[in-house]
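In what follows, a structure is listed as structure tokens, so that the remarks can point back to it.
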Amino acid sequence: MYLSPRDIAELYEEEGLAERIFPQVQKGGLNFVPTYHHDTYPYIDPSKADLSGKRVLITGGSYGIGRVLAVSYARAGASIIALAARSSFGELEKELKNAATMAGRSPPKVITYQLDITDTVGIEYMVREYSQQFDSLDILINNAGYGSTWDYTDQTDPDDWWKIWEVNVRGTWLVTRCFLPLLLKSEVRTVVLFTSIASLLVAAGGTSYPISKLAVSRMAEVFATEYEKEGLLAIAFNPGDVLTDLSRKLPGQASMISQDKPELAGDTLVFLTKEKRQWLSGRMITSNWDMEEFLSKREEIIARDSLKFRFVI
Numbered sequence: 333m334y335l336s337p338r339d340i341a342e343l344y345e346e347e348g349l350a351e352r353i354f355p356q357v358q359k360g361g362l363n364f365v366p367t368y369h370h371d372t373y374p375y376i377d378p379s380k381a382d383l384s385g386k387r388v389l390i391t392g393g394s395y396g397i398g399r400v401l402a403v404s405y406a407r408a409g410a411s412i413i414a415l416a417a418r419s420s421f422g423e424l425e426k427e428l429k430n431a432a433t434m435a436g437r438s439p440p441k442v443i444t445y446q447l448d449i450t451d452t453v454g455i456e457y458m459v460r461e462y463s464q465q466f467d468s469l470d471i472l473i474n475n476a477g478y479g480s481t482w483d484y485t486d487q488t489d490p491d492d493w494w495k496i497w498e499v500n501v502r503g504t505w506l507v508t509r510c511f512l513p514l515l516l517k518s519e520v521r522t523v524v525l526f527t528s529i530a531s532l533l534v535a536a537g538g539t540s541y542p543i544s545k546l547a548v549s550r551m552a553e554v555f556a557t558e559y560e561k562e563g564l565l566a567i568a569f570n571p572g573d574v575l576t577d578l579s580r581k582l583p584g585q586a587s588m589i590s591q592d593k594p595e596l597a598g599d600t601l602v603f604l605t606k607e608k609r610q611w612l613s614g615r616m617i618t619s620n621w622d623m624e625e626f627l628s629k630r631e632e633i634i635a636r637d638s639l640k641f642r643f644v645i
């Protein structure tokens, strides 16, 4: 059962966050379209997409949102699904092939790389290994991330604070940098950078994770600018408030607002990447938005150059 806005407000009130958080979230555009989803819905059903012949690589792909992303792409018919993560993949290959078969698709070729995305040598090795089998990469999804407790600055461990930046910012940049040559050889040329609603917030304890995700959103804008002539499509993607190891570290009971299903993120991302919409490049997109309503705002978004960060005066 989903929490109502009143329930969420009461939780935040208990933690002393409501007065500062909710105006920021509202201004942050979560109400950009009339309909706000918490679970997947027929319009974005991945079985309606056709990604046969496409090659996808997902970081942080062994569990959580990353694992669900892989299932969504398997159901959409992706031919190659490459996964990178520090932890074991277990029975994921079997799970992906079963998901594809159940959706009436050919089972994908699944490739796994167990590594840390902050390790330059490991990433370069992964690229070499991948390049020996394939000459291009269609879709790169930078899902891997790290977060810690939201502590006041004087109570924050400096090494843990920096680790958040190492994983979320440097790791995302490093993986994208190393795979760019392969991405640009593809006709799809799509890179997705996972950001967060936290990037829109100014709250106590937010000097690490929120600001790192703000940097990731801006990074997508920079990639879009740097490789515009080459046709790179770079998207900053907010997967919603999914209950993960990261969200469990929110202050007090605030983690209870994490009520979005990971399938919503997976299916939304398949929908966004199933065809190339260059006008999305450099923009931050939230999985909760109804995609039919979102696409209907195309002309408005382009005219206002919306869904980007600005210094307003």
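The sequence shown: position 248 = 580 (my numbering), numbered continuously. Cβ atoms here follow ideal geometry from the backbone N, Cα and C, with glycine treated the same way. Nothing here was measured: the structure is a model prediction, and the numbers come from that model.
For R399, the enclosing alpha helix (DSSP H) covers residues G396 to R407. Comparing C-alpha distances from P374 to each of K606, T600, Q610 and L639 shows the shortest one belongs to T600.
In the DSSP assignment, L472 falls within the unbroken beta strand (DSSP E) covering I471 to N474. According to the DSSP assignment, V453 belongs to the alpha helix (DSSP H) that extends over T452 to Q465. Runs of alpha helix (DSSP H) with 4 or more residues, each lying fully within the region 516-574, are found at 541-558, listed in chain order. Rounded to whole angstroms, the separation of the alpha carbons of A568 and R550 is 8 Å.
If you look at R636, you'll find it in the alpha helix (DSSP H) that goes R630 to R636. Judged by beta-carbon spacing, N475 lies within the 7 Å limit of F526, meaning their Cβ atoms are closer than that value.
With 16 or more neighbouring CB atoms inside 10 Å of its own CB, F421 falls in the buried class. Rounded to the nearest angstrom, the gap between the Cα atoms of P366 and E625 is 8 Å. DSSP, reduced to helix, strand and coil, places T508 within a helical segment of the structure shown. With distances taken between CA atoms, K561 lies nearest to L516 out of G598, L516, N570 and K593. For the pair G396 and R418, the Cα-to-Cα distance works out to about 13 Å. Below 8 Å, enough C-beta pairs join the region 531-550 and the region 477-487 to call them touching: three or more.
Between the region 378-391 and the region 403-410, the count of C-beta pairs closer than 8 Å reaches three or more; the two stretches touch.
A buried status is given to N500, since no fewer than 16 other beta-carbon atoms sit within 10 Å of its beta-carbon. About 22 Å separates the beta carbons of T618 and S540, which is beyond the 8 Å limit, so they are not a contact pair. In this structure A566 touches G614 by the C-beta definition: roughly 6 Å separates them, less than 8 Å. The three-state reading of DSSP puts T367 in coil, since its state is none of H, G, I, E or B.
In this structure, DSSP gives Y375 a helical state, which the three-state scheme calls helix. When the Cα atoms are used, G436 and W493 turn out to be separated by approximately 45 Å. According to DSSP, residue pairing for D592 in a beta bridge involves V574. Taking each of L604, T557, G563 and S528 in turn and checking the Cα distance to L575, the smallest one comes out for S528.
W482 sits in coil when the DSSP states are folded into three classes, being neither helix nor strand. Annotation: the continuous alpha helix (DSSP H) that includes T433 extends over L424 to M434. Among the bridge pairs identified by DSSP, L415 is matched with I390 and T444. Under the DSSP definition of a beta bridge, M616 partners with A568. If you check the CB distance, I413 and L401 do not come in under 7 Å. Bridge partners of W621 according to DSSP: Y368.
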